[in-house]
Amino acid sequence: MANTKEKILVAALRLFAVNGYEAVSVSQIAGELGITKGALYKHYKNKRDIFNCVFEYVCQLDVERSQKNGVPEKDYSEMPEAFSNVSAESLGDYMKAQFHYWSEDEIACNFRKMLTLEQYKSPEMNALYQKVLVGGPMDYIENLFREISKKQKKQLPSPHVLAVEFYSPFYFLLSMSDGADCREKKEEIAQSYIHYIDDFFQKYFS
Numbered sequence: 073m074a075n076t077k078e079k080i081l082v083a084a085l086r087l088f089a090v091n092g093y094e095a096v097s098v099s100q101i102a103g104e105l106g107i108t109k110g111a112l113y114k115h116y117k118n119k120r121d122i123f124n125c126v127f128e129y130v131c132q133l134d135v136e137r138s139q140k141n142g143v144p145e146k147d148y149s150e151m152p153e154a155f156s157n158v159s160a161e162s163l164g165d166y167m168k169a170q171f172h173y174w175s176e177d178e179i180a181c182n183f184r185k186m187l188t189l190e191q192y193k194s195p196e197m198n199a200l201y202q203k204v205l206v207g208g209p210m211d212y213i214e215n216l217f218r219e220i221s222k223k224q225k226k227q228l229p230s231p232h233v234l235a236v237e238f239y240s241p242f243y244f245l246l247s248m249s250d251g252a253d254c255r256e257k258k259e260e261i262a263q264s265y266i267h268y269i270d271d272f273f274q275k276y277f278s
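Numbering of the sequence shown is given in the working numbering, commencing with residue 73 and proceeding in unit increments.
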């Protein structure tokens, strides 16, 4: 993204995260940066265009993390064969990268906070919140555990039970990280998540 375009996106998302998407106007976004609405419109058609660019950015980085960590970049319905080739270690590495991203990247953090606010105001935003942070990840992880479990000799809980136990601390610890009052505390929370992932796989897949 061009520098000015990125500044607009970041400033808009900061406002969305505090006030909600619907409550923020293009004039407020321009005022936050000390530019005119006309200058903003050179980079984005409207407020919705900014939102769409944020979502595209978040999705693109998720694809990159998926590829880097050896997990499917799409849902099971779109590429089922890829789910059968994933190791427990790859899933663990991916989730550690996800936690770092959703707790450290400013755009991701503010996008998550905005969705948390907006889920109660709009069916569209509620559906997006579920897809990005709740039901979507749960289904993805459950399908991975279904395939990973097929390679195990010992009896394991159902893929759904494994997915619930595995994913539940993710959002809880993200919320704790949001409330941390210093860098050291945030790092401590991140480390606790890493240890949880390692202990989980030691318990079920060692």
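Quick reminder that beta carbons are idealized off the backbone N, C-alpha and C, glycines included. Just so we're clear, the structure is a prediction, and the values are computed from it rather than from any experiment.
Beta-carbon gap between residue 112 and residue 100 smaller than 8 Å: It is not a contact, given that the beta carbons lie outside the stated cut-off.
For residue 200, three-class secondary structure by DSSP: helix
Endpoints, the alpha helix (DSSP H) within which residue 76 is located: 75-91 is the span of the alpha helix (DSSP H), which, as asked, contains residue 76.
Inside the stretch 118-164 only - alpha helix (DSSP H) runs reaching at least 4 residues: 119-141, 152-155
Counted within 10 angstroms of its Cβ, other Cβ atoms place residue 182 as buried (16 or more) or exposed: With 16 or more Cβ atoms within 10 Å of its Cβ, residue 182 is classed as buried.
Pair within 8 Å by beta-carbon distance, residue 98 and residue 75: no
Cβ neighbour criterion (16 or more within 10 Å) applied to residue 144: buried
Cut-off 6 Å between Cβ atoms - residues of its own chain near residue 116, not counting five sequence neighbours on either side: 122
Rounded separation between residue 106 and residue 95 - CA only: Pairing residue 106 with residue 95, the inter-Cα distance amounts to about 19 Å.
8 Å Cβ cutoff met for residue 236 and residue 179: no
Residue 200 vs residue 276 beta-carbon contact at 8 Å: Cβ distance not < 8 Å, so residue 200 and residue 276 don't count as in contact.
Whole-angstrom distance between residue 110 and residue 256, CA atom to CA atom: 42 Å
Own chain partners of residue 284 with C-beta closer than 8 Å, once the 5 adjacent residues on each side are dropped: Outside the shown range of the chain, which is 73 to 278, sits residue 284, and nothing can be said about it.
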